[in-house]
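Under the numbering used here, the letters of the sequence shown match residues 637 to 891, in that order.
I have placed the structure first, in the form of structure tokens, so that the comments after it can refer back to it.
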Amino acid sequence: MGSEPGYRPVETVETALEIVALLKRRDQAGVTAIADELGIAKSTASRHARTLEDRGLLVREGEAYRLGTWFLDYGTYVRNRQPVFEAAKPKVDELAAATDEKVWCVIEEHGVGVHIYGAEGRHSVRTHARVGRRTPLHQFAAGKAILAHLPEARIGTILEERGLEAATDETITDRSELRERLETIRERGYAINREESVRGVRAVGAPIRSDSGDAVAAISVAGPANRLRGEVLTEELPALLLGATNEIEVNLAHS
Numbered sequence: 637m638g639s640e641p642g643y644r645p646v647e648t649v650e651t652a653l654e655i656v657a658l659l660k661r662r663d664q665a666g667v668t669a670i671a672d673e674l675g676i677a678k679s680t681a682s683r684h685a686r687t688l689e690d691r692g693l694l695v696r697e698g699e700a701y702r703l704g705t706w707f708l709d710y711g712t713y714v715r716n717r718q719p720v721f722e723a724a725k726p727k728v729d730e731l732a733a734a735t736d737e738k739v740w741c742v743i744e745e746h747g748v749g750v751h752i753y754g755a756e757g758r759h760s761v762r763t764h765a766r767v768g769r770r771t772p773l774h775q776f777a778a779g780k781a782i783l784a785h786l787p788e789a790r791i792g793t794i795l796e797e798r799g800l801e802a803a804t805d806e807t808i809t810d811r812s813e814l815r816e817r818l819e820t821i822r823e824r825g826y827a828i829n830r831e832e833s834v835r836g837v838r839a840v841g842a843p844i845r846s847d848s849g850d851a852v853a854a855i856s857v858a859g860p861a862n863r864l865r866g867e868v869l870t871e872e873l874p875a876l877l878l879g880a881t882n883e884i885e886v887n888l889a890h891s
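Structure below.
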């Protein structure tokens with residue numbers, strides 16, 4: 637991404653995107669705060685903010701700016717054009733009702749996992765996951781399920797560019813260990829997350845694959861470690877997930 641010979645980023649675009657990212661982190665901010673945090677002139681921050689406001693991306697409340705619902709329109713459009721979204725949505729809902737846990741559909745984009753749809757069971761636990769969240773693939777079950785079923789060259793590129801940052805003490809941060817884990821995932825067809833992304837939370841994830849065998853998405857079921865243990869973690873949930881992903885794959889192939 638952006639590494640082609642002669643490539644030079646457009647600074648004004650980068651500044652605008654940095655302002656958007658800042659407002660997402662801080663919820664809202666005035667021109668002075670934007671200028672100080674980004675290290676730009678106050679006049680520059682003001683021009684960018686006003687331009688983004690004029691185009692509907694930002695909303696001004698008093699002296700502060702916040703993100704506008706313009707992003708909701710584009711985000712919904714992007715999600716709805718994913719073929720796997722319509723195919724997976726009913727199965728995600730069914731799994732949440734059947735397991736009473738949190739169920740997610742995740743895709744890979746730019747080497748990270750993106751949560752595109754989730755459904756809550758009666759006993760779902762709250763975590764940092766949300767629609768649109770981008771998470772390193774090696775840190776969670778759905779991500780590992782996807783990573784294990786990508787072409788070898790793509791796996792190598794992702795590991796090289798993204799590294800193996802730890803989310804908890806249980807996150808796999810050794811490349812050789814991760815490679816061994818990915819081979820196990822390929823052999824049995826599903827991945828297990830043992831508190832590798834959130835302490836106290838375990839999950840099982842299974843890939844949704846194309847006709848070529850490469851992963852186009854994954855579904856995961858997540859819940860507290862005291863409930864997701866023993867045969868529930870290693871047999872019951874994997875069986876449910878593998879059945880669901882197989883059905884989704886058939887529907888995708890004939891859509």
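Even for Gly, the Cβ is constructed at its ideal location relative to N, Cα and C.
Specify, as a first and last residue, the run of the alpha helix (DSSP H) that L876 falls within.
L873 to A889
Using 8 angstroms for Cβ pairs, my map puts L773 next to I794. What's the rounded Cβ distance?
7 angstroms
Between N882, A665 and T820, which lies nearest to A895 when the distance is taken from Cα to Cα?
The chain is shown only over 637 to 891; residue 895 falls outside these bounds and no answer can be derived.
Which runs of the alpha helix (DSSP H) spanning at least 4 residues fall entirely within the segment 653-681, listed in chain order?
667-674
What separation, rounded to the nearest whole angstrom, lies between the Cα atoms of E883 and P874?
14 angstroms
For my contact list, V834 and V857 are in at a C-beta cut-off of 8 angstroms; report their separation, rounded to the angstrom.
With a Cβ gap of about 14 angstroms, V834 and V857 do not count as contacting.
Candidates T680, V837, A851 and T712: closest to G859 by CA position
V837
My output table needs one value for T784: the three-state DSSP class, helix, strand or coil.
One detail in the question is off: residue 784 reads as Ala in this sequence, not Thr. Three-state DSSP puts A784 in a helix.
Going by Cα to Cα distance, which pick from K780, E745 and T648 is closest to E813?
K780
Does DSSP classify E745 as helix, strand or coil?
strand
Along the chain, where does the alpha helix (DSSP H) that runs through E730 open and close?
P719 to T735
In whole angstroms, what separates the C-alpha of K678 from that of G704?
22 angstroms
Endpoints, the beta strand (DSSP E) within which T635 is located:
Absent from the model: residue 635. The displayed extent of the chain is 637 to 891, so no value can be given.
Cβ atoms of I782 and E744: under 8 angstroms apart, would you say?
yes
Between which two residues does the alpha helix (DSSP H) harbouring R824 extend?
R811 to R824
Considering only their Cβ atoms, is the gap separating A724 from G749 smaller than 8 angstroms?
no
Please state whether DSSP places Y643 in a helix, a strand or coil.
coil
Return the first residue and the last residue of the beta strand (DSSP E) that R696 is part of.
L694 to E697
Leaving out five residues before and five after D850 in sequence, what residues of the same chain have Cβ atoms less than 8 angstroms from its Cβ?
H785, L786 and P787
On a CA-only basis, which of R691, H746, P726 and G754 is nearest E929? Give me that one, please.
Absent from the structure is residue 929, since the part of the chain shown begins at 637 and ends at 891.
Taking the CB atoms as reference points, tell me whether E832 and Q775 lie closer together than 8 angstroms.
yes
Can you tell which of D847, L864 and R824 has the C-alpha that lies nearest to the C-alpha of L878?
R824
Looking at the structure shown, is R845 part of a helix, part of a strand, or coil, going by DSSP?
strand
Check whether the segment 651-659 and the segment 672-686 touch, using three or more Cβ-Cβ pairs below 8 angstroms as the test.
yes
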